[in-house]
Amino acid sequence: MEKQRLATLTLDDGRSIELPILSGTLGPDVVDMRSLGKLGVFTYDPAFFATASCTSAITFIDGDAGLLYYRGYPIEQLAKQSDFLEVSYLLLNGDLPTVAQREEFDSIITHHTMVHDQLARFFNGFRRDAHPMAVMVGVVGALSAFYHDSLDINNPQHRKISAHRLLAKVPTIAAMSHKYHIGSPFMYPKNKFSYVENFLYMMFGTPAEDYVPNPVMVRALERIFILHADHEQNASTSTVRLAGSSGANPFACIASGIAALWGPAHGGANEAALKMLEEIGDVSRVAEYVQGVKDKKYRLMGFGHRVYKNMDPRASVMRETCYEVLRELRLENNKLFELAMELERVALSDPYFIERKLYPNVDFYSGIVLRAIGIPTNMFTVIFAVARTIGWVSQWNEMIGDSEQKIGRPRQLYRGSAQRDFQPIEQRG
Ligand code: CMC
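For any residue, its number in my numbering is found by taking its place in the sequence shown, counting from 1, and adding 236.
This is how it looks when you write it as structure tokens:
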């Protein structure tokens, strides 16, 4: 048997503890800090720069090398050779499906795409101009109230049904949030379409006309979905895990993930990037805008990443798709896209960005692609949420099935007042 490797931590008062060093399949070793409490001290790592919060077998990132694997498969291979439903099966179940498994999975997901008709009434409670992400947080959370038959999180079969329902119904709710916003009738799903075609149909179809999916749009969205499907223990996934660790039901957990995704430093970046391009307005203003970034007046949205300090592999694939879509839709000479390409050129050649390893990230390119295929800006983060749902639910399922699973409960470094005595109001100075 291999000898357990140990790290020794010694405090300034001489007390020390030996901590096991654990190795994963890939990636850096980790020091198991769980017994540190015996010394009466904790670690302090507020934004999780150096803390693994769980064990996982789903996604692996090497930020320095620019690698991303889902269940061991490089993202480039999946983006080019697979499709979103197959990738979803892989994330959820651990392996790629056989033909029979694939057919069964497609059929299950297709036949779960409709939502309870009463769910449609939730939309009327929202203002028409509500941000679709606000609607998503509310309506996806509301699914908890509809499926009492399968909410036993300790039953693997119930967890599976919930995962299927979420994967199938979140696109329907997302498209409904768009239709509600623009005042158009909701479109019921159509089973003759693929997952991505159906989403586009529910977004852009109308009862008045037949809808024929555009293959350029289908291919581009398929890629966006695959590239955003999972990304290790990011802010929204960690939120889902933390919410789920208390035993909350999966629909509530996914709603919490949607809320966390909304922020501009995370899933809101694609929308923020597009708004930034609109604010810059013209190629002639790029230099001036970049100077403002260097003067730290604002950040370049869609650039930089906490983990990737090399080109984000998703961004490389998305960049290809971006150029392909602009070419096929004959949009290369569009003012906004010209501007985006100039910003990309400047950022990739300017020492300020090179030194800080601030490459364009996946959201810079996906924002451009989404705009090119006609998705409204306020739906960008919703699209991210649709794609990430399978990642969230796979991570949640893995966590609940983990025998070491306990409620998440970070500690703190308290820096408030020491104990003091209450004074009646008339005695306070
Ligand atoms: N524009 C300009 N400067 C930047 C940017 C940016 N987008 N990002 C980081 N910097 C600078 C920052 O000012 C700092 O400079 P200095 O060393 O001179 O103080 C240095 O780079 C390091 O920044 P940091 O804030 O310590 O980096 P971080 O790892 O905490 O931040 C980030 C990561 C993604 C929050 C950040 O890069 C950012 O705000 N980017 C814009 C938002 C964005 O595009 N987010 C989407 C990320 S990809 C989608 C996802 O996976 O959710």
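Ideal Cβ placement from N, Cα and C applies to all residues, glycine included. Computed from a prediction, not measured in an experiment: that's the story for all the values here.
Give me whichever residues DSSP pairs with Tyr-309 in a beta bridge. Along the sequence shown, read from residue 1 onward, the residue named residue 309 stands at position 73. Tyr-309 is bridged to Tyr-306.
Do Asp-439 and Ile-409 have their C-beta atoms within less than 9 angstroms of each other? For the purposes of this step, residue 439 is identified with residue 203 of the sequence shown, where counting begins at 1. For the purposes of this step, residue 409 is identified with residue 173 of the sequence shown, where counting begins at 1. The residue you asked about is not Asp; residue 439 is Met in the sequence shown. No; because the gap between Cβ atoms is not below 9 angstroms, this pair is not in contact.
Nearest by alpha-carbon distance to Asp-548: which of Ala-509, Leu-572, Leu-594, Asp-586 is it? Start at 1 with the first residue of the sequence shown, and residue 548 comes out as number 312. Nearest in C-alpha terms to Asp-548, of all of Ala-509, Leu-572, Leu-594, Asp-586, is Leu-594.
Beta-carbon separation of Val-629 and Lys-571 under 9 angstroms? By 1-based counting over the sequence shown, the position of residue 629 is 393. By 1-based counting over the sequence shown, the position of residue 571 is 335. No, the Cβ-Cβ distance between Val-629 and Lys-571 is not below 9 angstroms.
Hey, Val-267 and Ala-283: beta-carbon distance below 9 angstroms or not? Looking up residue 267 in the sequence shown gives position 31. Looking up residue 283 in the sequence shown gives position 47. No; because the gap between Cβ atoms is not below 9 angstroms, this pair is not in contact.
Is it the case that the region 317–330 contacts the region 376–383, given that we only count it when at least three CB pairs across the two stretches are under 8 angstroms? no
Just to confirm the assignment, what range does the beta strand (DSSP E) spanning Leu-245 have? Locating residue 245 in the sequence shown gives position 9, counting from the first residue. From DSSP, the beta strand (DSSP E) with Leu-245 extends over 242–246.
Hey, is Leu-537 close to the ligand CMC, as in C-beta under 8 angstroms from one of its heavy atoms? Your numbering for residue 537 matches position 301 in the sequence shown. Per the sequence shown, the amino acid found at residue 537 is Met instead of Leu. True, at least one ligand heavy atom lies under 8 angstroms from that Cβ.
Span of the beta strand (DSSP E) around Glu-254: For the purposes of this step, residue 254 is identified with residue 18 of the sequence shown, where counting begins at 1. Membership of Glu-254 in the beta strand (DSSP E) is indicated by the continuous run 252–258.
What does Asp-298 pair with, by DSSP beta-bridge criteria? Locating residue 298 in the sequence shown gives position 62, counting from the first residue. According to DSSP, which records beta bridges pairwise, Asp-298 is partnered with Leu-303.
Local conformation of Pro-425 per DSSP, three classes: For this step, residue 425 is matched to residue 189 along the sequence shown. Three-state DSSP puts Pro-425 in coil, outside helix and strand.
Secondary structure of Pro-596, DSSP reduced to three states: Here residue 596 is taken as the residue at index 360 of the sequence shown, counted from 1. In this structure, Pro-596 counts as strand in the three-state DSSP scheme.
Taking 9 angstroms as the threshold (C-beta atoms), are Leu-497 and Val-598 in contact? Taking the first residue of the sequence shown as position 1, residue 598 is located at position 362. Taking the first residue of the sequence shown as position 1, residue 497 is located at position 261. In this structure, Val-598 lies away from Leu-497, with their beta-carbon atoms at least 9 angstroms apart.
Any alpha helix (DSSP H) of 4 or more consecutive residues that is wholly inside the region 510–570: 522–530, 549–564
Could you work out which residue in Ile-661, Ser-259, Val-605 is closest to Gln-240 when comparing CA atoms only? Residue numbering aside, residue 240 sits at position 4 when the sequence shown is read from its first letter. That would be Ser-259, whose Cα lies nearest to the Cα of Gln-240.
Could you spell out where the alpha helix (DSSP H) holding Pro-392 opens and where it closes? Here residue 392 is taken as the residue at index 156 of the sequence shown, counted from 1. 392–418 is the span of the alpha helix (DSSP H), which, as asked, contains Pro-392.
Grab the span of the alpha helix (DSSP H) containing Ser-292 for me, first residue to last. Residue numbering aside, residue 292 sits at position 56 when the sequence shown is read from its first letter. Looking at the DSSP string, Ser-292 is not in any alpha helix (DSSP H), and its letter there is neither H nor E.
Alpha carbons only, please: which of Tyr-306, Leu-332, Asp-331, Gln-317 is nearest the one belonging to Arg-624? Locating residue 624 in the sequence shown gives position 388, counting from the first residue. Nearest of Tyr-306, Leu-332, Asp-331, Gln-317 to Arg-624, Cα basis: Tyr-306.
At a cut of 8 angstroms, does the region 491–507 reach the region 611–622 through at least three beta carbon pairs? yes
Round the Cβ separation of Thr-613 and Leu-510 to the nearest angstrom and send it over; I've been treating them as touching at under 8 angstroms. As a first step, residue 613 is located in the sequence shown; it is residue number 377 there, counting from the start. As a first step, residue 510 is located in the sequence shown; it is residue number 274 there, counting from the start. With 8 angstroms as the limit, Thr-613 and Leu-510 qualify as a contact, their Cβ atoms being about 5 angstroms apart.
Pop quiz: Asn-470 and Gly-299 are said to be a contact at Cβ under 8 angstroms. What is the actual Cβ separation, rounded to whole angstroms? Sequence index remark: in the sequence shown, residue 470 carries index 234 (1-based). Sequence index remark: in the sequence shown, residue 299 carries index 63 (1-based). Not really, about 12 angstroms apart at Cβ, beyond 8 angstroms.
Terminal residues of the alpha helix (DSSP H) in which Phe-341 lies: Residue mapping note: residue 341 aligns to position 105 of the sequence shown, counting from 1. Membership of Phe-341 in the alpha helix (DSSP H) is indicated by the continuous run 335–346.
Identity of the residues DSSP links to Val-267 by a beta bridge: Within the sequence shown, numbered from 1, the residue matching residue 267 stands at position 31. Paired residues: Ile-257.
What three-state label does DSSP hand Arg-651 in the structure shown? For the purposes of this step, residue 651 is identified with residue 415 of the sequence shown, where counting begins at 1. Coil, per DSSP.
Within its chain, find whatever has a CB closer than 8 angstroms to the CB of Glu-640; leave out the 5 residues flanking it on each side and keep chain order. Here residue 640 refers to the residue found at position 404 when the sequence shown is read from its first residue. Exclusion of the five residues before and after Glu-640 leaves Thr-291 as the residues of its chain whose Cβ lies within less than 8 angstroms of its Cβ.
DSSP state of Glu-277, grouped into three classes? Here residue 277 is taken as the residue at index 41 of the sequence shown, counted from 1. For the sequence presented, residue 277 should be read as Val rather than Glu. Three-state result, Val-277: coil.
For Phe-382 and Gly-352, the rounded distance between their alpha carbons: Residue mapping note: residue 352 aligns to position 116 of the sequence shown, counting from 1. Residue mapping note: residue 382 aligns to position 146 of the sequence shown, counting from 1. Checking the sequence shown, residue 352 turns out to be His, not Gly. Approximately 8 angstroms, taken between the alpha carbons.
Buried or exposed, going by whether 16 or more other CB atoms sit within 10 Å of the CB of His-414? Within the sequence shown, the letter at position 178 stands for residue 414. It is buried - the Cβ of His-414 has at least 16 other Cβ atoms within 10 Å.
Please name the residue, chosen from Ala-551, Gln-393, Val-522, that lies closest to Asp-586 on a Cα-to-Cα basis. Here residue 586 corresponds to residue number 350 of the sequence shown, with the count starting at 1. For Asp-586, the nearest C-alpha among the options comes from Val-522.
Terminal residues of the alpha helix (DSSP H) in which Leu-379 lies: Taking the sequence shown and counting its residues from 1, one reaches residue 379 at position 143. It is not in any alpha helix (DSSP H) - Leu-379 carries neither H nor E in the DSSP assignment.
Under a three-way DSSP split, which group does Ser-602 fall into? In the sequence shown, the residue the question calls residue 602 occupies position 366. When secondary structure is reduced to three states using DSSP, Ser-602 falls in the helix class.
Verify whether the separation of the beta carbon atoms of Ile-636 and Val-561 is less than 9 angstroms. Counted from its first residue, the sequence shown places residue 636 at position 400. Counted from its first residue, the sequence shown places residue 561 at position 325. The beta carbons of Ile-636 and Val-561 sit no closer together than 9 angstroms.
Within its chain, find whatever has a CB closer than 7 angstroms to the CB of Tyr-424; leave out the 5 residues flanking it on each side and keep chain order. Along the sequence shown, read from residue 1 onward, the residue named residue 424 stands at position 188. Counting only Cβ-Cβ distances below 7 angstroms, and skipping sequence neighbours, we find Met-350.
Could you give the C-beta distance for Gly-503 and Ser-472, rounded to a whole number, given that I count them as a contact under 8 angstroms? The residue labelled residue 503 in the question sits at position 267 within the sequence shown. The residue labelled residue 472 in the question sits at position 236 within the sequence shown. That belief holds up - the Cβ atoms of Gly-503 and Ser-472 are roughly 7 angstroms apart, short of 8 angstroms.
On the CB-based measure, 16 or more other CB atoms within 10 Å of its CB, does His-400 come out buried or exposed? One-based indexing of the sequence shown puts residue 400 at position 164. It counts as buried.
Quick one: measure Cβ to Cβ for Phe-461 and Phe-600, integer angstroms, because I've assumed they're closer than 8 angstroms. Here residue 461 refers to the residue found at position 225 when the sequence shown is read from its first residue. Here residue 600 refers to the residue found at position 364 when the sequence shown is read from its first residue. With 8 angstroms as the limit, Phe-461 and Phe-600 do not qualify as a contact, their Cβ atoms being about 17 angstroms apart.
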